[in-house]
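Notes for the one structure printed next.
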Amino acid sequence: MSKDYNKSELIRAAFEAQKKSYAPYSRFEVGAALLTAEGDIYGGCNIENASYPACNCAERTAFYRAVFDGKRHFTAIAIVGKLREKEEFDFCAPCGICRQVMTEFCDPEKFEVVLARTPEEYKVYLLAELIPLWFTGKDMEVDVNE
Ligand code: THU
2 MSKDYNKSEL
12 IRAAFEAQKK
22 SYAPYSRFEV
32 GAALLTAEGD
42 IYGGCNIENA
52 SYPACNCAER
62 TAFYRAVFDG
72 KRHFTAIAIV
82 GKLREKEEFD
92 FCAPCGICRQ
102 VMTEFCDPEK
112 FEVVLARTPE
122 EYKVYLLAEL
132 IPLWFTGKDM
142 EVDVNE
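Counting from 1 along the sequence shown, just add 1 to a position and that's the residue number in this note's numbering.
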């Protein structure tokens, strides 16, 4: 069962974040909006670089902004993405690296990933569905809260 938070509001925040996208190379503009357990929303956009491996995805921008602000508990993330020149676009799923970053701070069996095309048209996944057999500090017997 999906959690009780305003998904349309979160998706709108992702569309706002998408406007900040810096994607001169791929022209694929992504926005993400991360909802904290406290109810705050952190936007993130993809930030590209001429040295391609230095590119940062929208989802990680949102997480890193939130963590820098002292946030460690998260409820959900909404994601939107499309090619700059296209009107039509499909659901944009997070890349593998972003899924891994999400597992660092979120319980995969609780955290929700909202893929959206409009504030009303979206799909909700549990992070566990997107990254089964996830690997975290627990596998190394590390307690990150110590
Ligand atoms: N990208 C994201 O920001 N998030 C995703 O979920 C998929 C891919 C970015 C990375 C790069 O700037 C561009 O989209 C093309 O891969």
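Here a beta-carbon is modelled for each residue, glycine too, at the ideal position from N, C-alpha and C.
- With a cut-off of 8 Å on the beta carbons, I'd call A38 and T62 a contact; round off their distance for me. Residue numbering aside, residue 38 sits at position 37 when the sequence shown is read from its first letter. Residue numbering aside, residue 62 sits at position 61 when the sequence shown is read from its first letter. A38 to T62, Cβ: 20 Å. No contact.
- Among D41, E110, R85 and L127, which one has its Cα closest to the Cα of A94? Within the sequence shown, residue 94 is the residue found at index 93, counting from 1. Ranked by Cα distance from A94, the options D41, E110, R85 and L127 are led by L127.
- Message: Tell me whether the stretch 15-29 and the stretch 76-85 touch, counting them as touching only if at least three CB pairs, one residue from each stretch, are closer than 8 Å.
- Response: Pairwise C-beta distances place the stretch 15-29 in contact with the stretch 76-85, as three or more of them are shorter than 8 Å.
- Message: For a quick check, are the C-beta atoms of L116 and F90 less than 8 Å apart?
- Response: For the purposes of this step, residue 116 is taken as residue 115 along the sequence shown, with counting starting at 1. For the purposes of this step, residue 90 is taken as residue 89 along the sequence shown, with counting starting at 1. Cβ distance not < 8 Å, so L116 and F90 don't count as in contact.
- Can you tell me which of the three DSSP states G71 falls into? Within the sequence shown, the letter at position 70 stands for residue 71. Residue state, collapsed to three classes: coil.
- Message: Helix, strand or coil, according to DSSP, for L127 in the structure here?
- Response: Residue mapping note: residue 127 aligns to position 126 of the sequence shown, counting from 1. It is a strand residue.
- Of the residues V143, V125, E121 and E142, which one's Cα is nearest the Cα of R13? Numbered from its first residue, the sequence shown carries residue 13 at position 12. Of all alpha-carbon atoms in V143, V125, E121 and E142, the one lying nearest the alpha-carbon of R13 is that of E121.
- Query: With which residues is Y26 paired in a DSSP beta bridge?
  - Reply: Against the sequence shown, residue 26 aligns to sequence position 25. Y26 is not bridged by DSSP to any residue.
- Query: Sorry if obvious, but does the Cβ on S52 come closer than 7 Å to a heavy atom of ligand 1?
  - Reply: Translated into the one-based positions of the sequence shown, residue 52 becomes position 51. With a threshold of 7 Å, the Cβ atom of S52 does not count as near ligand 1, since no heavy atom of the ligand is closer than that.
- Item | Where F69 falls, given that 16 or more other Cβ within 10 Å makes a residue buried | Numbered from its first residue, the sequence shown carries residue 69 at position 68. It counts as exposed.
- Query: Rounded to a whole number of angstroms, what is the C-alpha to C-alpha distance between R158 and V125?
  - Reply: Residue 158 is absent from the structure shown; the chain starts at 2 and stops at 147.
- Task: Name, in chain order, the residues that DSSP records as bridge partners for T104.
- Result: For this step, residue 104 is matched to residue 103 along the sequence shown. For T104, which the question treats as bridged, DSSP gives no partner whatsoever.
- Express the C-alpha separation of K20 and F136 in angstroms, rounding to a whole number. Looking up residue 136 in the sequence shown gives position 135. Looking up residue 20 in the sequence shown gives position 19. Approximately 33 Å between the Cα atoms of the pair.
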